[in-house]
Amino acid sequence: MDAYAQALAWAERAVEASPENGSILNTLGVAQYRAGHFKEALETLERSVKLNSKASGALNPADVAFIAMAHHQLGHPDEARKHLETLRDLLTWDQWKNNTDNQTFLQEAQERITTPDSTDEQPDE
Numbered sequence: 082m083d084a085y086a087q088a089l090a091w092a093e094r095a096v097e098a099s100p101e102n103g104s105i106l107n108t109l110g111v112a113q114y115r116a117g118h119f120k121e122a123l124e125t126l127e128r129s130v131k132l133n134s135k136a137s138g139a140l141n142p143a144d145v146a147f148i149a150m151a152h153h154q155l156g157h158p159d160e161a162r163k164h165l166e167t168l169r170d171l172l173t174w175d176q177w178k179n180n181t182d183n184q185t186f187l188q189e190a191q192e193r194i195t196t197p198d199s200t201d202e203q204p205d206e
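Just so we're aligned: the sequence shown equals residues 82 to 206 in my numbering.
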C-alpha cells in the first residue's frame, strides 16, 4: 500500500469516528485528492468548508486550496481560478499570511492551475 493509500485509509477511519469534525474532513479530502480521487475530494472538502466556516466564522485556506486544485483536475477551470483568487485573498489576512503550510498550498495551487496541461493522468476512481 503506498503512502497516499495508507493516509486515505487512516483518514476514512478518523471520519467514521468523528464525522462532524471539519479538520478531519479536510484531512480526508486532501488524502482523497493526493490519491487521485478528485470528485470525492471535492465533495469532502465542500463539507469541510461548511463545518470549518461554521466553527471559525471564516474559510480555511487549506480547504480552498484543495478545492481549487480538485476543480482543476476535474476540468472546471473557471471554478479552479475562482477558488485560487479566494485563496490569494485569504492569505493577505493577518491570521493566515505567515502560515507556511498555507503558503505552500498556494504555491502548489498556482503552479497546478496556471500551468497548461497540468492535470494528473490518474483516473478519478
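Cβ atoms here follow ideal geometry from the backbone N, Cα and C, with glycine treated the same way. Just so we're clear, the structure is a prediction, and the values are computed from it rather than from any experiment.
Going along the chain, which residues of its own chain have a beta-carbon closer than 8 Å to the beta-carbon of L140, five neighbours each way excluded? Counting only Cβ-Cβ distances below 8 Å, and skipping sequence neighbours, we find V130, N133, S134, T167, L171.
Would you tell me roughly how many angstroms separate the C-alpha atoms of P142 and E160, rounded to the nearest one? In a straight line, the C-alpha of P142 is about 16 Å away from that of E160.
Rounded Cβ spacing between I194 and L155 (contact assumed at less than 8 Å): Taking a contact as a CB-CB distance under 8 Å, the pair I194 and L155 does not count as one, their CB atoms being some 12 Å apart.
Only counting the same chain, and skipping five residues up and downstream in sequence, which positions put a Cβ closer than 7 Å to that of F119? Correct list, in chain order: A151, Q154, L155, D205.
At the level of alpha carbons, what is the spacing between A88 and K163? For A88 and K163, the gap between their C-alpha atoms comes out near 28 Å.
Report the three-state DSSP secondary structure of A136 (helix, strand or coil). Helix at A136.
What separation, rounded to the nearest whole angstrom, lies between the Cα atoms of V111 and F147? So the alpha carbons of these two residues sit roughly 7 Å apart.
With W177 as the anchor, note down where its alpha helix (DSSP H) starts and where it stops. Judged by DSSP secondary structure, W177 falls within the alpha helix (DSSP H) whose first and last residues are 175–178.
Going by the CB atoms, is the gap between R115 and Y85 shorter than 8 Å? Yes, the Cβ-Cβ distance between Y85 and R115 is below 8 Å.
How is the alpha helix (DSSP H) around L93 delimited, first residue to last? Looking at the sequence shown, residue 93 is not Leu but Glu. Start and end: 84–98.
Quick one: grab the DSSP three-state call for P204. Only weak support exists for where P204 lies, its pLDDT of 47 falling under 50; the value from the coordinates is given anyway. Look at P204 here: in three-state DSSP terms it is coil, with no helix or strand label.
Sorted by chain position, which residues of the same chain lie with C-beta nearer than 7 Å to A122's C-beta, five sequence neighbours on each side aside? Within the same chain, A122 has close Cβ partners G110, Q113, Y114, F147, A151.
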